[in-house]
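Input: a single structure, listed below in structure tokens.
Number of protein chains: 2
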Amino acid sequence: MVDILHRVGVVAPIDEVYNAVATAEGIAGWWTNDTVGTSAVGEKLVLRFGDVGGFDLEVLELDPAGHVRWRVVDGPAEWIGTEIDWRFDRRGEYTIVLFGHHGWQEPVEFMHHCSTKWASFLLSLKEFAETGRGRPAPNDLRIGDWH
Amino acid sequence: MVDILHRVGVVAPIDEVYNAVATAEGIAGWWTNDTVGTSAVGEKLVLRFGDVGGFDLEVLELDPAGHVRWRVVDGPAEWIGTEIDWRFDRRGEYTIVLFGHHGWQEPVEFMHHCSTKWASFLLSLKEFAETGRGRPAPNDLRIGDWH
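Which chain is which? The protein sequence lines are A and B, in order.
Residues in the first sequence are numbered consecutively from 3, following the working numbering.
Residues in the second sequence are numbered consecutively from 3, following the working numbering.
So, in structure tokens, the structure goes:
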């Protein structure tokens with residue numbers, strides 16, 4: 003099993019960064035504007051990216067002290083059953099975001115793509131929390147032929 | 003052992019992307035403008051990032067058909083002994099870059115940071131190969147408190 007790991011520092015209060023990840027409205031500001039569902043433990047968030055499909059995420063953990071965790075219950079085959087983990091920690095003027103997308107079966111080419119794409123969405127999250135304006139799909143950064 | 007993996011698609015010929023990685027002049031266009039040394043198998047590339055330090059890379063492989071490999075011989079303790087692998091492949095209008103930074107001992111917080119930072123440098127490489135203008139240090143994107 004292999005993991006995608008990332009870290010960014012956001013110049014914004016921890017609760018603002020937490021809310022950007024812990025609510026459907028927040029997620030719509032940096033990941034995809036087509037985000038619906040209920041962000042509560044045991045409930046589902048439903049994210050779509052136009053014709054490309056999307057992800058259904060079961061919320062496993064929501065701790066405003068600095069932890070959010072999801073399980074992917076629908077989406078691309080490689081994603082199903084993987085877990086996405088967010089930790090938020092305050093250091094100086096930064097809220098540090100430690101991100102992990104755990105449980106990939108194999109380091110396939112699609113995982114390489116998702117790793118880079120996650121980085122671009124984390125930078126979108128940073129921008130969203132700092133300025134109020136992220137780059138959610140369909141206005142996300144195109145990083146290659148797989149978008 | 004854990005790996006950092008990334009993938010970008012660059013709208014440029016494969017030899018241009020290869021040269022951006024396989025020569026010191028190329029690297030200076032997207033990673034750090036303070037890149038010197040000799041890009042030949044068995045020789046060393048020396049990259050510096052101002053006061054922050056840098057990396058010495060031994061060139062292990064240089065294949066214009068689409069493969070470059072380095073071993074880190076000096077730099078941060080976590081980097082020493084790790085290997086950095088580049089594969090280039092043509093698909094449609096894109097040169098696909100498959101990147102791996104292999105052999106990290108532990109998934110430490112610094113590795114999370116380096117994973118995101120690598121993504122931003124790969125996007126800088128993409129920009130450099132497509133437009134002639136990347137974002138090498140000291141003009142690289144600041145992603146957090148660790149720069």
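Beta carbons are placed, not taken as given, at the ideal position from N, Cα and C, and that holds for glycine.
Because the structure is a prediction, the values reported are computed rather than measured.
query                                                                                                : result
With 16 other Cβ atoms within 10 Å as the buried cut-off, status of V38/A                            : exposed
Exposure of M3/B, with buried meaning 16 or more beta-carbon neighbours within 10 Å                  : exposed
Residue closest to G56/B, alpha-carbon to alpha-carbon, out of D76/B, F123/B, S122/B                 : D76/B
Counted within 10 angstroms of its Cβ, other Cβ atoms place T133/A as buried (16 or more) or exposed : exposed
Below-9 Å beta-carbon distance, G102/A vs any chain B residue                                        : yes
Closer than 7 Å at the beta carbon, the chain A residues around H115/B                               : R9
C-alpha distance - G28/A paired with V19/A, whole-angstrom precision                                 : 9 Å
Chain A within 9 Å of V12/B, Cβ atoms only                                                           : yes
CB contact check: P109/B to chain A, cutoff 9 Å                                                      : yes
Under the three-state DSSP convention, the category F123/B falls into                                : helix
Exposure label - R9/A; buried when at least 16 CB within 10 Å                                        : buried
Nearest to I52/B (by Cα), restricted to the options A14/B, D5/B, P138/B                              : Checking the sequence shown, residue 52/B turns out to be Gly, not Ile. Out of A14/B, D5/B, P138/B, P138/B has the C-alpha closest to the C-alpha of G52/B.
Neighbour-count burial assignment, R135/B, 16 or more Cβ in a 10 Å radius                            : exposed
Partner residues on chain A for V84/B, Cβ-Cβ distance less than 9 Å                                  : As written in the sequence, residue 84/B is Thr, which differs from the Val given in the question. Simply none; closest approach about 15 Å.
Which listed residue (L59/B, K119/B, K128/B, A26/B) has its alpha carbon closest to that of L124/A   : K119/B
Contact check, Y96/A vs G11/A, beta carbons under 9 Å                                                : yes
Test: T118/A CB closer than 9 Å to a CB of chain B                                                   : yes
Secondary structure of G80/A, DSSP reduced to three states                                           : Inspection of the sequence shows that residue 80/A is occupied by Glu rather than by Gly. It is coil, neither helix nor strand.
Contacting positions in the region 67 to 80 of chain B - beta carbon closer than 7 Å to chain A      : none
Counted within 10 angstroms of its Cβ, other Cβ atoms place G83/A as buried (16 or more) or exposed  : exposed
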